[in-house]
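Everything below concerns the one structure shown next.
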Amino acid sequence: MAGRGALMRQNTMDASENEMDVEGEGGVPEGVIVVPKLVVTDSAKNPSRYAMKITASTETDIGGMRENQDDVYIWEDPGGGGVVLCVFDGHGREVGRVAANAARAFLETWLVENFQQFRTGDQVAAFRSMFAGANSAVKARFRAHYEERGEEIEEAPEGYLLKRRKNYGPWLCVFGGSSFSCICILPDKILTANVGDSSALLASTHGSLRGVTATRVADLAEGVTDNGSLAADLIVEDNERVLMLTADHSPESPNEFNRMTASHPSRDGGHRPRMQMVYDNIGPDKSSCPQIFELGADGQPSVTSNGRYWKNVRQEWACLVATPPYARFHDALAFTRSLGDLHLQSYGVSHMPEVYEFNLLELCEATATACENGERTGFAIVAASDGIWDNWVFSDCMAYALGDLEGSSCSLAEGLTGEGNKRANSALMAENKRRAIANFGSQADNATSALAFIEIILADGRA
1 MAGRGALMRQ NTMDASENEM DVEGEGGVPE GVIVVPKLVV TDSAKNPSRY
51 AMKITASTET DIGGMRENQD DVYIWEDPGG GGVVLCVFDG HGREVGRVAA
101 NAARAFLETW LVENFQQFRT GDQVAAFRSM FAGANSAVKA RFRAHYEERG
151 EEIEEAPEGY LLKRRKNYGP WLCVFGGSSF SCICILPDKI LTANVGDSSA
201 LLASTHGSLR GVTATRVADL AEGVTDNGSL AADLIVEDNE RVLMLTADHS
251 PESPNEFNRM TASHPSRDGG HRPRMQMVYD NIGPDKSSCP QIFELGADGQ
301 PSVTSNGRYW KNVRQEWACL VATPPYARFH DALAFTRSLG DLHLQSYGVS
351 HMPEVYEFNL LELCEATATA CENGERTGFA IVAASDGIWD NWVFSDCMAY
401 ALGDLEGSSC SLAEGLTGEG NKRANSALMA ENKRRAIANF GSQADNATSA
451 LAFIEIILAD GRA
C-alpha cells in the first residue's frame with residue numbers, strides 16, 4: 001500500500017440546526033416521530049411475541065460551507081405500517097441543493113400514494129418506481145430552475161441537460177445531483193435502498209447480529225449480471241453488534257467496475273468501463289490521476305490502493321469516476337450511483353439502487369435473548385450524509401448513539417421519548433461538528449442525520 005496521505009475533505013464533485021419546538025399535545029417535538037407500539041410479525045405476517053417502540057428525529061448542520069445542500073425526511077405510515085428514514089446529500093455548485101430538495105419533495109408525495117406496496121405488493125418494484133421517479137423529479141426541477149432564471153434549456157440526445165443565457169453564449173452542461181438513502185422499518189423486516197454514499201447503520205444494545213438473515217434482494221442498475229437474491233455479510237469492522245444497512249457505491253468497488261463495464265464498456269474494446277475510475281489528487285487537473293484497478297490474467301479487477309490522500313478518519317482513499325478524455329464535457333463524481341448527474345449517467349453512473357432486506361424477527365430474537373436483568377434492549381439506526389461518516393469509525397458512531405462511547409450522553413432509554421431522541425441527535429451532531437472542525441477546519445462538510453431508536457418489548461412488558 002502507498003504511504004499514508006493527508007486527511008482532507010474530498011469534494012463530491014468538480015442551515016442551521018432544527019429547533020426543538022415541543023407540540024402541546026403529547027409533548028412530542030415538532031418533526032419527531034414516536035410510535036408507541038408496532039407488533040413484529042414473521043415472514044407470513046403472523047404476529048410474534050415481540051413489539052417495537054420507535055422514535056425518530058432529524059438534525060442538520062451547514063458546517064463550513066456557504067449553503068446546506070443536504071436534506072432529510074422521516075415519515076410514519078398513518079395506517080400503522082412502519083416508519084421511513086430518507087437522507088439526501090446534494091452536490092454541484094448551482095444545483096446541489098435543488099437536487100436534494102427536489103428528491104425530498106417527490107418522496108413526500110410518493111410515500112403517501114405508494115407506501116402500501118411495501119406492505120402488500122412487490123417491494124422491489126416499489127423501489128424501482130421510487131428511484132426512477134425521484135431521478136425524473138430532479139431532472140424536471142433542474143429544467144425549471146434554469147428556466148426560472150431566464151436561461152434556455154436543451155436536452156442532449158444522450159439525455160443530459162444543456163443551458164445557456166437566452167440568445168447568446170455557448171451551451172454549457174448542467175452538472176449536479178444527490179445521493180439518496182431510504183430505510184423502511186416494517187413489521188417483519190427492514191428494507192433499504194440507496195444510491196451514493198449516505199450510509200445507514202444499525203447497532204444493537206445486546207447480543208450478536210452475525211447470524212441474522214441479511215439479503216441483497218435485488219440490484220436494479222443496468223449492467224448487473226447477477227441480479228438474484230444473494231446472502232450478504234454486512235457486519236461492520238468485525239463488530240457483531242453493528243450492521244451496515246446500505247450498499248457501497250465507491251469507485252473502489254470491483255462490483256461497480258464490472259457493472260459499468262457491462263453497461264457502458266470502453267470504446268477501445270478492453271475490459272474496462274467507459275468512465276475512468278481513478279484516485280483523486282489534490283490539484284484541479286484530474287488527467288494524471290492513477291487508476292484504481294488493474295486487471296488480472298482472468299480479466300477481473302483488483303484494487304491497487306495507490307491513493308493520494310485519505311478522505312476520512314477510516315483512512316479510505318479519495319477516489320472518483322470521471323468522464324473519458326474524449327467527452328464533450330468533463331465531469332467527475334465521488335461515487336458511482338446518484339440521482340441527477342445526468343451527464344455522468346450517460347457514461348455509466350446509475351440512479352437505480354441496490355435493495356437489501358433484514359429479518360426483523362431474527363434481529364429481535366438475537367438482541368432480546370442476550371439481555372439480562374430486565375434491561376431495556378433494542379437498536380439504534382443512524383442514516384446520515386458523509387458529513388457525519390467522514391469523522392467517525394463506524395462502530396464508534398453507533399457506540400456514541402447508544403451511550404457506549406466515553407463522553408456520550410445518549411442511551412436507548414433516553415432516546416425512547418420524542419424529546420430524548422431529539423436531544424440525542426443534537427448531541428451526536430454537536431460531537432460530529434467538534435470532530436469535523438478538528439479534521440477539516442473551515443472545509444467541514446454539511447452534516448445531516450436521521451436517528452431512530454427501537455425498543456424491543458413484549459406484550460406483557462419489557463423484553
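full-length UniProt numbering numbers the first residue of the sequence shown as 1 and each following residue consecutively. Quick reminder that beta carbons are idealized off the backbone N, C-alpha and C, glycines included. None of the values given here were measured: they were computed from a predicted structure.
Nearest-angstrom Cβ-Cβ length linking residue i and residue j, presumed shorter than 8 Å
i           : j           : result
residue 289 : residue 182 : Not confirmed; about 32 Å, so no contact.
residue 52  : residue 455 : 7 Å
residue 508 : residue 446 : Outside the displayed span of the chain (1 to 463) sits residue 508, for which this structure offers no information.
residue 215 : residue 357 : 5 Å
residue 433 : residue 61  : 6 Å
residue 212 : residue 424 : Rounded, the Cβ-Cβ distance is 24 Å, inconsistent with contact.
residue 380 : residue 453 : 6 Å
residue 473 : residue 79  : No statement about residue 473 is possible, as the shown extent of the chain runs from 1 to 463 and does not include it.
Per DSSP, the bridge partner or partners of residue i
i           : result
residue 452 : 56 and 381
residue 215 : 231 and 357
residue 91  : 177
residue 350 : 337
residue 189 : 359
residue 273 : 265
residue 163 : 153 and 172
residue 41  : 47
residue 62  : Residue 62 is not bridged to any residue.
residue 239 : 236
residue 248 : Its beta-bridge partners do not exist; DSSP assigns none.
residue 466 : The structure shown does not extend to residue 466, since the chain spans only 1 to 463, so no value can be given for it.
Three-state secondary structure (DSSP) of residue i
i           : result
residue 124 : helix
residue 395 : helix
residue 205 : coil
residue 466 : As displayed, the chain neither begins before 1 nor continues past 463, which places residue 466 out of reach and without an answer.
residue 278 : strand
residue 254 : helix
residue 75  : strand
residue 138 : helix
residue 32  : coil
residue 146 : helix
residue 23  : Low confidence applies here, because residue 23 scores a pLDDT of 37, under 50, leaving its location unreliable; read the following figure in that light. Here residue 23 sits in coil by DSSP.
residue 443 : helix
residue 86  : strand
residue 197 : coil
residue 332 : strand
residue 371 : coil
residue 549 : The structure shown does not extend to residue 549, since the chain is modelled only from 1 through 463, so no value can be given for it.
residue 344 : helix
residue 182 : strand
residue 99  : helix
residue 402 : coil
residue 410 : coil
residue 434 : helix
residue 476 : The question about residue 476 has no answer, for the chain in this structure spans 1 to 463.
residue 224 : coil
residue 210 : coil
Close-in-space but distant-in-sequence residues of the same chain around residue i (CB under 7 Å, 5 per side omitted)
i           : result
residue 292 : 251, 252, 277, 278, 279, 303, 304 and 319
residue 239 : 395
residue 219 : 227 and 354
residue 133 : 106 and 110
residue 338 : 177, 178, 179, 195, 196, 349 and 351
residue 420 : 414
residue 150 : 166
residue 297 : none
residue 236 : 201, 242, 243, 244, 394 and 395
residue 359 : 189, 212 and 213
Contact set for residue i: own chain, Cβ-Cβ below 8 Å, skip 5 residues either direction
i           : result
residue 261 : 223, 271, 272 and 273
residue 139 : 161, 340 and 342
residue 405 : 396 and 399
residue 457 : 37, 50, 51, 52, 53 and 463
Beta-carbon proximity list for residue i, same chain, < 6 Å, skipping 5 on both sides
i           : result
residue 76  : 33 and 83
residue 198 : 87, 89, 179, 181 and 385
residue 174 : 142, 161 and 163
residue 400 : 408
residue 22  : Residue placement at residue 22 is poorly supported in this model, since its pLDDT is 34, which falls under 50; the coordinates still yield a value, given next. Within the same chain, residue 22 has close Cβ partners 29.
residue 24  : With a pLDDT of only 36 at residue 24, under the threshold of 50, the placement of this residue in the model should not be trusted; the figure read from the coordinates follows. Excluding residues within five positions, none has a Cβ falling inside 6 Å.
residue 281 : 289 and 308
residue 207 : 366, 367 and 370
Distance cut-off 7 Å: residue i Cβ against heavy atoms of the ligand NAD
i          : result
residue 35 : Ligands are entirely absent from the displayed structure, and the ligand NAD is therefore not among its contents.
Sequence ranges, beta strand (DSSP E) only - wholly within the stretch 278-326, length at least 3 | 293-295, 301-303 and 319-322
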